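Q: After the structure tokens below, expect a handful of questions from me.
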Amino acid sequence: MRENSDDAQMSETELQGTRGVAWTSLEIEATVAAYEDMLRKELRGVRYAKSDVVRDLMRLMPERTRGAVELKLQNVSAIRVELGLPWIDGYKPMTHYQSALRGAVVARADPRERINEAVADFGAAPVVGAQGIPRSTSDVLVPPPSTSGRVRRGRTSVSITGTAHDAIRDLRRHELGTAGEEWVTDLEREQLTRVGRSDLADLVRWVARDDGDGAGYDILSFSESGAQRLIEVKTTNYGPLTPFYITRWEVEVSQTHRDSYSLYRVHGFARDPRIYVLDGAMDEAARLEPGVFLGLPR
Numbered sequence: 026m027r028e029n030s031d032d033a034q035m036s037e038t039e040l041q042g043t044r045g046v047a048w049t050s051l052e053i054e055a056t057v058a059a060y061e062d063m064l065r066k067e068l069r070g071v072r073y074a075k076s077d078v079v080r081d082l083m084r085l086m087p088e089r090t091r092g093a094v095e096l097k098l099q100n101v102s103a104i105r106v107e108l109g110l111p112w113i114d115g116y117k118p119m120t121h122y123q124s125a126l127r128g129a130v131v132a133r134a135d136p137r138e139r140i141n142e143a144v145a146d147f148g149a150a151p152v153v154g155a156q157g158i159p160r161s162t163s164d165v166l167v168p169p170p171s172t173s174g175r176v177r178r179g180r181t182s183v184s185i186t187g188t189a190h191d192a193i194r195d196l197r198r199h200e201l202g203t204a205g206e207e208w209v210t211d212l213e214r215e216q217l218t219r220v221g222r223s224d225l226a227d228l229v230r231w232v233a234r235d236d237g238d239g240a241g242y243d244i245l246s247f248s249e250s251g252a253q254r255l256i257e258v259k260t261t262n263y264g265p266l267t268p269f270y271i272t273r274w275e276v277e278v279s280q281t282h283r284d285s286y287s288l289y290r291v292h293g294f295a296r297d298p299r300i301y302v303l304d305g306a307m308d309e310a311a312r313l314e315p316g317v318f319l320g321l322p323r
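Be aware that the sequence shown starts at 26, since it is given in my numbering, and climbs by one per residue.
Shown next as structure tokens:
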């Protein structure tokens, strides 16, 4: 069963080999191994050609067409999304996969999986997202990701369904948070300049740097009309579904200033940074779950 119009355009000839003849365990293992090799390379920033990988797989399984192989790789993405594992954005998840394929993916998805090393390296990658030509906020805005059903993705090159551990790891990387705040400050100034409000652009302040972290937000900016905007920045090198850490004070400030408060979730910062925005009180705009507990003697 195909799931959208783009997939429906695949011809019967391209799909030949997906029906009637079940994939063997050797074919499945080769496909999963090839997928993981591609993902490791993407996470480490190593260049490769998907077409070459597919061509190599077709040599191993000559009865399978290109369309059949690519569909199987999309099936692997779907399984990895369900398992909360990193997946290749270029192979959008397609469900209706065979149980043997899921078994092969699950069997390799344990703490010893080598991709975990690449994920850790990616999270600690040098911050390069702020480099390049000047951009404004509108250039990098994407919709917030869907947290139910099929994943709605931004334009990050690798999408990662994150865990609370990833959120804490981002929090501890002070240089990452600082770089994200500086990048957003520049974006806001450029945005206001583009709409003819250079006077307001000059008033944009990086509050977290100039006044410290006690304000409950990082940047003071403005709308085109001149209304103040309080921006809290949360930055990750991972994908848009990676959770972020937020303090109780930041939540309280968002509640008090719900009409002017926005959280900018910067994701994919190391490669192709994008932002989705949550406006207003964070206990209403986001699903907040306790992840860190403060222990004191009774």
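For glycine and all other residues, C-beta sits at the position ideal for the given N, C-alpha and C. Remember, it's a predicted structure, so these values are computed and weren't measured experimentally.
Could you pull out every residue in the same chain whose Cβ sits closer than 8 Å to the Cβ of VAL165, ignoring the five residues on either side in sequence?
A: Excluding sequence neighbours, VAL165 sits near LEU212, PRO298, ARG299, ILE300.
Q: Along the chain, where does the beta strand (DSSP E) that runs through SER285 open and close?
A: Looking at the DSSP string, SER285 is not in any beta strand (DSSP E), and its letter there is neither H nor E.
Q: Between the beta-carbon of GLU277 and the beta-carbon of ILE244, is there less than 8 Å?
A: Contact: no.
Q: Give a yes or no on whether the C-beta atoms belonging to GLY241 and TRP208 are separated by under 8 Å.
A: No.
Q: State the Cα-Cα distance for the pair SER184 and MET119, rounded to the nearest angstrom.
A: Annotation note: pLDDT 44 at SER184 (below 50); position unreliable, no value reported.
Q: Let me make sure I understand the geometry here. Which of ALA125, GLU249, ARG214 has the alpha-carbon closest to that of LEU51?
A: Of the candidates ALA125, GLU249, ARG214, the one whose C-alpha sits nearest the C-alpha of LEU51 is ALA125.
Q: Pick helix, strand or coil for GLN99, following the three-state DSSP scheme.
A: If DSSP states are grouped into helix, strand and coil, GLN99 belongs with the helices.
Q: Given a threshold of 16 other Cβ atoms within 10 Å of its Cβ, counted over all protein chains shown, does ARG177 qualify as buried or as exposed?
A: Bear in mind that the predicted position of ARG177 carries a pLDDT of just 38, short of 50, making it unreliable; the figure below should be weighed with that in mind. Per the 10 Å Cβ criterion, exposed.
Q: Using DSSP with H/G/I as helix, E/B as strand and the rest coil, what is TYR301?
A: In the structure shown, TYR301 sits in a strand (DSSP, three-state: E or B).
Q: Out of curiosity, what's the CA-to-CA distance linking ASP308 and ASP238?
A: For ASP308 and ASP238, the distance between alpha carbons rounds to 20 Å.
Q: Is it a yes or a no for the region 100-108 touching the region 76-83, going by three-plus beta-carbon pairs under 8 Å?
A: Verdict: no, contact absent.
Q: In this structure, does DSSP put TRP48 in helix, strand or coil?
A: Reduced to three states, the DSSP call for TRP48 is coil.
Q: Per DSSP, what kind of secondary structure is ARG65 in: helix, strand or coil?
A: In this structure, ARG65 counts as helix in the three-state DSSP scheme.
Q: Just to check, is the beta-carbon of MET86 closer than 7 Å to a non-hydrogen atom of the ligand ADP?
A: With respect to the ligand ADP, the structure offers nothing, as it holds no ligand at all.
Q: Helix, strand or coil, according to DSSP, for HIS292 in the structure here?
A: Three-state DSSP puts HIS292 in a strand.
Q: Put ILE404 into one of helix, strand or coil per three-state DSSP.
A: This structure does not reach residue 404, given that the chain is present from 26 up to 323, and the question cannot be answered.
Q: Can we say the region 264-274 touches the region 221-237, given the rule of at least three CB pairs closer than 8 Å?
A: In short, these stretches do not touch, since the Cβ pair count stays below three.
Q: How big is the Cα-Cα spacing for ILE113 and ARG105?
A: About 9 Å.
Q: Between the C-alpha atoms of GLY293 and ASN262, what's the straight-line distance to the nearest angstrom?
A: If you take the alpha carbons of GLY293 and ASN262, they lie about 5 Å apart.
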